[in-house]
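Reviewing the structure listed below.
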């Protein structure tokens, strides 16, 4: 059996595993974790297309995530538009935003794009706070009920359990992976990588720089918007800091940096590290673990301090991770793995 | 007319503090070509330092500048030597990400220590005003902070123009390699520049603490404002940052009066995008690739 068939078999096996999982696991918490993982993979892959392959590091992806989430939620809340229709309105809105950003920023190089992407995300966040009649301002939008999904008269799902969300999330994750794979192996992807490696050389070879940067941005923004809409409907609540804050942009970017930018596996690895880690912090699992193995007593001052504060510390952890990865593993986990593999290969030869 | 004058004056006064933040950022960018995304968070550290000095030792926030300036200088030097220095030759995005990470570490460490509650530093003069005449009044703490800002800016100009170290810093900013060939210790200049940048940001934090809420996430807004100021003035230009700071201060206070205070930051960011669109080299910048 050669390597390619092995890879394909492994892929099919894990796909079958993921498809069948909800049949055998009915713990809502486990499904919730898987959904978070799918969401993270799709966010990471979306960013990866623009940031990893085309080399345009947006620090404002919260704009697309939030506009997608808000459009779907606003339409559902105020106009009773069903979410699977609202999603496409979100996509349309995001394409407009992305093209505005692209036309302003892509005429400039380097740090200007980063700065402008942050500025646009901030404009979106501040608008969401101030346009109270549309967005309910800082209070956010709460959707208590999602209409049942019917094809004709046949009820497909009424969204009463996490299972439908699991499959939507899985589909979204797979879709972003497939699109990344397609980008990586198509002419478009080669154009992106040429622009990333040397913009002037790419230009002199006749690649229309601004056009392809904008194509990359639109693909990335549309996928991020889908992830945003999914998040909004799944959680049932959006407000400016949770979907439009700078933290969101950093988190999306971090998935790729930790895993390795510009690689197909990077965002998946990054998600596998980040999601469990931040969940463990958020749910105070780490403190409980430390208490259980007897390192810290639960009623001691340190124990109480950890219990009280560690759950808020996941952003601190993001910060530390970014610093460590940039200083010691600038190519992320994938880069590290590749380096190790290359070393083993050299030693074997 | 009184309203117009009033908002113009308060705009200029707050603009002075913005200028201080912007000058720090532009100095760092000029010498190292690094965009410091932790700049607002460094300012936030300065605010908490002032708050601590005030609540623990009763030192007036404006007097505490004498203590926080050198402390923040050391803090900046430390950051440069341990973190920034390692990525000076890395690709731009890694520098940006590193400083974003450092900023997150700062704001969240402060949040762990002080919680995310809003703190207010109330002095005897916090809400007092001085009547200028014609129905225009000036807030006392803003006026004092503007005067201190002006003094610091003047001292900084003198330092950069007249002293050997200042000239070495400017030479490094102009051409790092040539400066090194001329025998300038560029890595020391980098530490000094980052230290100065941090000290200026910290001082700005100290100066606004009597009039502004103190909370761990306050930095993000100021980081963004600092960018707007430096891009408006021209990246790397100290004069540009001074002008940019005042201009942004006026824009903000005018739009707060004539549009609404909720939208004033949006106006600033839209202005920023317009500058990027029409004059990306800024007011004082030379186009340089």
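Residue numbers (my numbering), protein chains in the order written: chain A, 3 to 351; chain B, 52 to 340.
Where is the CB? At the ideal position from N, CA and C, for every residue including glycine.
What in chain B is Cβ-close to residue i, meaning under 7 Å?
i: residue 317 of chain A; result: 155 and 159
i: residue 268 of chain A; result: Those within 7 Å of residue 268 of chain A in chain B number zero; the least Cβ separation is about 14 Å.
i: residue 337 of chain A; result: Result: empty, since nearest Cβ-Cβ is about 12 Å, beyond 7 Å.
i: residue 328 of chain A; result: 138, 145, 148, 149 and 152
Given a threshold of 16 other Cβ atoms within 10 Å of its Cβ, counted over all protein chains shown, does residue i qualify as buried or as exposed?
i: residue 338 of chain B; result: Residue placement at residue 338 of chain B is flagged as unreliable, the pLDDT there being 47, under the threshold of 50; the coordinate-derived value follows with that caveat. Flag for residue 338 of chain B reads exposed.
i: residue 136 of chain A; result: exposed
i: residue 345 of chain A; result: exposed
i: residue 203 of chain A; result: exposed
i: residue 49 of chain A; result: buried
i: residue 183 of chain A; result: exposed
i: residue 12 of chain A; result: exposed
i: residue 152 of chain A; result: exposed
i: residue 8 of chain A; result: exposed
i: residue 340 of chain B; result: Because residue 340 of chain B carries a pLDDT of 37, less than 50, the predicted location of this residue cannot be relied on, and the following value inherits that uncertainty. Under this definition residue 340 of chain B is an exposed residue.
i: residue 57 of chain A; result: buried
i: residue 189 of chain A; result: exposed
i: residue 216 of chain B; result: exposed
i: residue 233 of chain B; result: exposed
i: residue 193 of chain A; result: buried
i: residue 268 of chain B; result: buried
i: residue 30 of chain A; result: exposed
i: residue 87 of chain A; result: exposed
i: residue 261 of chain B; result: buried
i: residue 169 of chain B; result: exposed
i: residue 316 of chain B; result: buried
i: residue 127 of chain A; result: buried
List the residues of chain A whose Cβ lies closer than 9 Å to the Cβ of residue i, in chain order.
i: residue 162 of chain B; result: 311, 314, 315, 317 and 318
i: residue 316 of chain B; result: 124, 125 and 128
In the DSSP assignment, what are the bridge partners of residue i?
i: residue 239 of chain A; result: A:144
i: residue 170 of chain B; result: B:265
i: residue 60 of chain B; result: According to DSSP, which records beta bridges pairwise, residue 60 of chain B is partnered with nothing at all.
i: residue 181 of chain B; result: B:189
i: residue 157 of chain A; result: A:152
If the cut is a Cβ gap below 9 Å, which residues of chain B does residue i touch?
i: residue 141 of chain A; result: Residues of chain B passing the Cβ test: none, with the nearest at roughly 14 Å.
i: residue 321 of chain A; result: 151, 152, 153, 154, 155, 156, 157, 158, 159 and 160
Could you name the residues of chain A that residue i contacts, counting a contact when the two beta carbons are closer than 8 Å?
i: residue 267 of chain B; result: Result: empty, since nearest Cβ-Cβ is about 10 Å, beyond 8 Å.
i: residue 327 of chain B; result: 106, 107, 110, 114, 117 and 118
i: residue 313 of chain B; result: 128, 131 and 132
i: residue 271 of chain B; result: 248
Would you please state the rounded distance, in angstroms, between the beta carbons of residue i and residue j? I believe it to be under 8 Å.
i: residue 86 of chain B; j: residue 242 of chain A; result: Residue 86 of chain B to residue 242 of chain A, Cβ: 25 Å. No contact.
i: residue 265 of chain B; j: residue 193 of chain B; result: Actually they do not touch by this definition, with Cβ atoms about 16 Å apart.
i: residue 63 of chain B; j: residue 300 of chain B; result: 6 Å
i: residue 257 of chain B; j: residue 61 of chain B; result: Not a contact, Cβ separation roughly 19 Å.
i: residue 66 of chain B; j: residue 310 of chain B; result: No, residue 66 of chain B and residue 310 of chain B are not in contact; Cβ-Cβ is about 18 Å, not under 8 Å.
i: residue 124 of chain B; j: residue 249 of chain B; result: 7 Å
i: residue 102 of chain B; j: residue 161 of chain B; result: About 10 Å; that fails the 8 Å criterion.
i: residue 51 of chain A; j: residue 222 of chain A; result: 5 Å
i: residue 116 of chain A; j: residue 155 of chain B; result: Actually they are not in contact, since the Cβ atoms of residue 116 of chain A and residue 155 of chain B sit about 16 Å apart, beyond 8 Å.
i: residue 43 of chain A; j: residue 175 of chain A; result: 4 Å
i: residue 244 of chain B; j: residue 90 of chain B; result: Their Cβ separation, rounded to whole angstroms, is 13 Å, which puts residue 244 of chain B and residue 90 of chain B out of contact at 8 Å.
i: residue 181 of chain B; j: residue 188 of chain B; result: 6 Å
i: residue 282 of chain B; j: residue 327 of chain B; result: 7 Å
Starting from the beta carbon of residue i, find every residue of chain A whose beta carbon is closer than 7 Å, and list them in chain order.
i: residue 323 of chain B; result: 121
i: residue 331 of chain B; result: 110 and 114
i: residue 320 of chain B; result: 121, 124 and 125
In chain B, which residues lie with their C-beta within 8 Å of the C-beta of residue i?
i: residue 242 of chain A; result: Per Cβ cutoff of 8 Å: no residues; residue 242 of chain A is ~12 Å from chain B at best.
i: residue 324 of chain A; result: 148, 149, 151, 152 and 155
i: residue 332 of chain A; result: 141 and 145
i: residue 259 of chain A; result: 148
i: residue 252 of chain A; result: 151 and 155
Would residue i pass as an interface residue toward chain D - the criterion being a Cβ-Cβ separation below 8 Å?
i: residue 172 of chain A; result: No chain D is present in this structure, whose protein chains are A and B.
Exercise. What residues in the stretch 126-155 of chain B bring their beta carbon closer than 9 Å to a beta carbon of chain A?
Worked result: Within the stretch 126-155 of chain B, the residues whose Cβ lies closer than 9 Å to some Cβ of chain A are 134, 137, 138, 141, 142, 143, 144, 145, 146, 147, 148, 149, 151, 152, 153, 154 and 155, listed in chain order.
Exercise. When you check each C-beta in the stretch 273-303 of chain B against every C-beta of chain A, which residues fall closer than 7 Å?
Worked result: For the stretch 273-303 of chain B, residues whose beta-carbon sits nearer than 7 Å to a beta-carbon of chain A comprise 275, 278 and 282.
For this session: Taking a Cβ distance cut-off of 7 Å, strictly less, list which residues of the stretch 72-101 of chain B are near chain A, in chain order.
Result: Those residues of the stretch 72-101 of chain B that come within reach of chain A (Cβ to Cβ, closer than 7 Å) are 86.
Problem set entry | Residues of the stretch 197-219 of chain A with Cβ closer than 8 Å to any Cβ of chain B, in chain order | The residues in question: there are none.
Problem set entry | Chain-ordered residues of the stretch 58-85 of chain A with a beta carbon less than 9 Å from chain B | Taking a C-beta cut-off of 9 Å against chain B, the contacting residues of the stretch 58-85 of chain A are 59 and 61, listed in chain order.
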